[in-house]
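Read the structure below first, then the notes.
Protein chains: 2
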Amino acid sequence: MKERLSAEKRRQQIVDAAVELFSRKGFRGTRTREIAEAAGISEAMIYRHFATKRGLYSAIIEAKSVTEELLASAATAAHGKDDAGVLRALGLKMIEQTVRDPSLMRLLLFSALEGHELSEIFFESRVKKLHQFLSSYIRKRIKEGRFRSMDALVTARGFFGMIVHYLLVHELFGVKRPPRSSPKKAVELFVSVFLKGIER
Amino acid sequence: MKERLSAEKRRQQIVDAAVELFSRKGFRGTRTREIAEAAGISEAMIYRHFATKRGLYSAIIEAKSVTEELLASAATAAHGKDDAGVLRALGLKMIEQTVRDPSLMRLLLFSALEGHELSEIFFESRVKKLHQFLSSYIRKRIKEGRFRSMDALVTARGFFGMIVHYLLVHELFGVKRPPRSSPKKAVELFVSVFLKGIER
DNA sequence: CGTAAGTATGTAAGTGCTTACTTTCTTAAA
DNA sequence: TTTAAGAAAGTAAGCACTTACATACTTACG
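Chains as they are written, first to last, in numbering that gives the first Met the number 0: chain A, 0 to 199; chain B, 0 to 199.
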């Protein structure tokens, strides 16, 4: 017989295994048996901890919806009115996190494509917050006369678009980065183009 | 008995029904029975025209891989060295096409996420061509001294990122456009920021 | 021209495997 | 002794794909 864990630890173990599989193969592409095998337990254990496969998926999406430290370093730069610092911090952190663990980006895309009911909540808590942070920063700097007058939200999404697209191309579609194009250099380029583009 | 069509027409009918379903629900999420029902025939007919479900999916991806007229208007502007015109044409056409028929974007994302073998070919023929067109235009304009010196491919992908991200946000995640933000205005904004950002 | 043979297009009803979820029983910790 | 964590072995439904057979269109031959 297998090691006996506390319910909480076992539950976490199931979630960890499921995150990996759902993010790689989607909800419909993942078998509950695979999850059980990956967690080293029997299928029945999954159903002791989660009512349905969909319930497990929802639990994951909700857990991944907590906002984390991504905004912290950007907020510091924002306080010091370091425009390039704000953008650099956001871009680099996003890329770094996604390269280290692409499961979040994949889960987000899968849940939207597959039309999961929590996809919207997922988007609101993970993406919208970032958009709002940057757009209100831009709005403030427009008021201060440092940036040109423009739709701050659309503009902010434009910047995130450059970063997200970079991740799509390299992490999802698997395009190889030529040696001259490190993430850091790409972010520098995006920041410089974007800043020069919006400054007065 | 149902109407008797020519093999070619029937095949096309199956493909049409399948495109709609695969783009909405993905490969794994689509049942062959659903495709048959949507096409108004029996499952066996699918298997008379395609060896396997996967074969049908591959046929669709290959068919969708043909490059179309997207580059035409941009090429005209490129010839006249109308920088804003090039970017505007690319951005507007991409948005217009995707809004009219989102199936292509969804198929592309699904095939990459689900790891379909033809996903790479799909990407190369649909996406890479655009990247190459714009990056070689940018490279030329750098040589002519109109744009700052920078990595043309990364820069070009930055512009497409703004457009693609706009489509992801509105077409995939279903964020409502506020009335002030029409696609046309958004493209104008992206073009203006991007151009000002890369010009000397 | 008329018609029977041959062929392509179609269907209804499977077949066997997979899958989400259940039931029943065992074992170890408190 | 009680209770919850665990395994083994189902079950019913769903799935890609097949089989056996019917019907319409085409064509060669009298």
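No residue lacks a Cβ here, since even glycine has one placed at the ideal position from N, Cα and C.
Please read all numbers here as calculations on a predicted model, not as lab measurements.
Chain-ordered chain A contacts of Y136 (chain B) [CB-CB under 7 Å]: Working through the second sequence from its first residue, we reach residue 136 (chain B) at position 137. Here the premise fails: no neighbours, minimum Cβ distance about 16 Å.
Taking 8 Å as the threshold (C-beta atoms), are A77 (chain A) and Y165 (chain A) in contact? As a position in the first sequence, residue 165 (chain A) is number 166, starting the count at 1. As a position in the first sequence, residue 77 (chain A) is number 78, starting the count at 1. No; because the gap between Cβ atoms is not below 8 Å, this pair is not in contact.
Am I right that S41 (chain B) and A50 (chain B) are in contact with their C-beta atoms under 8 Å? What's the rounded C-beta distance? In the second sequence, residue 41 (chain B) corresponds to position 42, counting from 1. In the second sequence, residue 50 (chain B) corresponds to position 51, counting from 1. Cβ-Cβ separation between S41 (chain B) and A50 (chain B): approximately 17 Å, too far for a contact (criterion under 8 Å).
At what residues does the alpha helix (DSSP H) containing M149 (chain B) begin and finish? Along the second sequence, one-based indexing puts residue 149 (chain B) at 150. Here M149 (chain B) belongs to no alpha helix (DSSP H), and DSSP marks it neither H nor E.
So the candidates are B:K63, B:K127, B:V168, B:G157; which of them puts its Cα closest to the Cα of G202 (chain A)? With chain A covering 0 to 199 only, the question about residue 202 (chain A) has no answer from this structure.
As assigned by DSSP and simplified to three states, the class of E7 (chain B): Here the question's residue 7 (chain B) lines up with position 8 in the second sequence. Residue state, collapsed to three classes: helix.
For K92 (chain A), count neighbouring C-beta atoms within 10 Å of its own C-beta (all shown protein chains included) and say buried if the count is 16 or more, exposed if not. Indexing the first sequence from 1 puts residue 92 (chain A) at position 93. With 16 or more Cβ atoms within 10 Å of its Cβ, K92 (chain A) is classed as buried.
Report yes or no: is there a C-beta of chain A within less than 8 Å of the C-beta of A185 (chain B)? On the second sequence, position 186 is the one that residue 185 (chain B) refers to. Judged by the 8 Å Cβ criterion, A185 (chain B) is in contact with chain A.
Measuring only the C-alpha atoms, how far is A170 (chain B) from M104 (chain B)? Taking the second sequence and counting its residues from 1, one reaches residue 170 (chain B) at position 171. Taking the second sequence and counting its residues from 1, one reaches residue 104 (chain B) at position 105. The sequence shown places Glu at residue 170 (chain B), rather than the Ala named in the question. Their backbone Cα atoms lie some 9 Å apart in a straight line.
Which value, in whole angstroms, describes the spacing of the CA atoms of K183 (chain A) and Y46 (chain A)? As a position in the first sequence, residue 183 (chain A) is number 184, starting the count at 1. As a position in the first sequence, residue 46 (chain A) is number 47, starting the count at 1. Approximately 44 Å, taken between the alpha carbons.
Please list the residues of the segment 133–166 of chain A that have a C-beta atom closer than 9 Å to any C-beta atom in chain B, keeping them in chain order. Interface annotation for the segment 133–166 of chain A against chain B: R147, M149, D150, L152, V153, T154, R156, G157, F158, F159, G160, M161, I162, V163, H164, Y165, criterion Cβ-Cβ distance under 9 Å.
Out of curiosity, what's the CA-to-CA distance linking M0 (chain B) and K8 (chain A)? Locating residue 0 (chain B) in the second sequence gives position 1, counting from the first residue. Locating residue 8 (chain A) in the first sequence gives position 9, counting from the first residue. Bear in mind that a pLDDT of 43 at M0 (chain B), under 50, signals an unreliable position, so the number given afterwards is only what the model happens to contain. C-alpha separation (whole angstroms): 59 Å.
Cα-Cα separation, L188 (chain A) to M149 (chain B): Sequence index remark: in the first sequence, residue 188 (chain A) carries index 189 (1-based). Sequence index remark: in the second sequence, residue 149 (chain B) carries index 150 (1-based). Computed Cα separation, rounded: 8 Å.
With a threshold of 8 Å between beta carbons, is G84 (chain A) in contact with chain B? Working through the first sequence from its first residue, we reach residue 84 (chain A) at position 85. Closer than 8 Å: no.
Per the DSSP calculation, E61 (chain B) is bridged to which residue(s)? Locating residue 61 (chain B) in the second sequence gives position 62, where the first residue counts as 1. E61 (chain B) pairs with nothing; no bridge assigned.
What ranges does the alpha helix (DSSP H) occupy inside the segment 103–149 of chain B, keeping only unbroken runs of at least 4 residues that lie completely in it? Entirely contained in the segment 103–149 of chain B, the alpha helix (DSSP H) runs reaching 4 residues are, in chain order, 118–122, 128–142.
So, does the CB of F21 (chain B) fall closer than 8 Å to a CB anywhere in chain A? To locate residue 21 (chain B), count along the second sequence from 1; it is residue 22. It does not: the Cβ of F21 (chain B) has no partner Cβ on chain A nearer than 8 Å.
Closest by CA to H48 (chain B), which one among B:A17, B:I94, B:A88, B:L117? Indexing the second sequence from 1 puts residue 48 (chain B) at position 49. Nearest C-alpha to H48 (chain B): B:A17.
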